[in-house]
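Just so you know, the sequences run in chain order A and B. Take 11 as the starting number for the first sequence in the working numbering and just add one per residue. Take -8 as the starting number for the second sequence in the working numbering and just add one per residue. Here a beta-carbon is modelled for each residue, glycine too, at the ideal position from N, C-alpha and C.
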Amino acid sequence: GDSVTQMEGPVTLSEEAFLTINCTYTATGYPSLFWYVQYPGEGLQLLLKATKADDKGSNKGFEATYRKETTSFHLEKGSVQVSDSAVYFCAFVSGGSNYKLTFGKGTLLTVNP
Amino acid sequence: DSGVTQTPKHLITATGQRVTLRCSPRSGDLSVYWYQQSLDQGLQFLIQYYNGEERAKGNILERFSAQQFPDLHSELNLSSLELGDSALYFCASSADRGLLETQYFGPGTRLLVL
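See the structure below:
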């Protein structure tokens, strides 16, 4: 069935370090891919998305490329900040009549000054 | 601010009780989705409404039900509550249905069943 496998955390980095959070998916059809971020005590915010193969989503210095051949959508940022500390969720919407989001388990990122 | 509002923010109740969670979608959005976030199950899709009609069901228990009203706000009703229903319940909305639509999430309602 549909699923997302996301790098398990927690991930702890120093400020200005490089970040990669791995995400692979198993989906029916040709999904749209998303990264959502959840800051402490808040709801989910869309971070970036990609809707077709080789598309690169980007926002706030974060990037992820839709890799159909490897069914992956890894999140990267070149230089993290303390304010990036949050839980990051990889997710997709696949085809058919149900446009629900299927989420990974989330990766907790802590950035230390 | 996503434009999606949810009330109440927190809810504490006892086992066996019934509660109603409310969601107002972004202005103009026709689709509403409900999700449950718990430590053991993660984020799980419960149910979707589109323009007043139920469109899809996920892992929603029979004790739970939802509806979307003509003004497009939605309510999620949880009855015969059990300890395991304690979770964060999110509502999301999107303009339409489809692969290209982005779902925008509300701040959630935190339910604690004692």
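Buried or exposed by the 16-neighbour rule on C-beta atoms within 10 Å, applied to residue i
i	result
Lys59 (chain A)	buried
Gln(-3) (chain B)	buried
Ala83 (chain B)	buried
Ile3 (chain B)	exposed
Ala5 (chain B)	exposed
Tyr24 (chain B)	buried
Expected contact under 8 Å - CB spacing of residue i and residue j to nearest Å
i	j	result
Gly99 (chain B)	Gly53 (chain A)	5 Å
Phe99 (chain A)	Leu34 (chain B)	7 Å
Ser42 (chain A)	Leu21 (chain B)	The Cβ separation is near 18 Å, so there is no contact.
Tyr35 (chain A)	Phe83 (chain A)	7 Å
Phe60 (chain B)	Asn68 (chain B)	Not really, about 13 Å apart at Cβ, beyond 8 Å.
Ile31 (chain A)	Leu85 (chain A)	4 Å
Gln28 (chain B)	Ala78 (chain B)	6 Å
Thr112 (chain A)	Thr22 (chain A)	About 27 Å separates the two Cβ atoms, so there is no contact after all.
Ser104 (chain A)	Gly39 (chain A)	5 Å
request  = Residues of the segment 32 to 60 of chain A with a CB closer than 8 Å to any CB of chain B: list them in chain order, please.
outcome  = Tyr40, Pro41, Ser42, Phe44, Tyr46, Glu52, Gly53, Leu54, Gln55, Leu56 and Lys59
key: Those runs of the beta strand (DSSP E) which lie wholly inside the segment 16 to 75 of chain B and span at least 3 residues   = 22 to 29, 33 to 41, 44 to 48, 55 to 59 and 65 to 69
ask   = Which ranges does the alpha helix (DSSP H) cover as unbroken runs of at least 4 residues, wholly within the segment 21 to 83 of chain A, from first to last along the chain?
value = none
query = Given a limit of 9 Å on CB to CB distance, which residues of the segment 109 to 122 of chain A reach chain B?
reply = Tyr109, Lys110, Leu111, Thr112, Phe113, Gly114, Lys115 and Gly116
query = Which of the residues in the segment 63 to 74 of chain A, read from start to end, lie with their CB under 9 Å from any CB of chain B?
reply = Within the segment 63 to 74 of chain A, no residue has a Cβ that lies closer than 9 Å to any Cβ of chain B.
ask   = Using a Cβ cut-off of 8 Å, which residues of the segment 87 to 105 of chain B contact any Cβ in chain A, in chain order?
value = Arg88, Gly89, Leu90, Leu91, Glu92, Thr93, Gln94, Tyr95, Phe96, Gly97, Pro98 and Gly99
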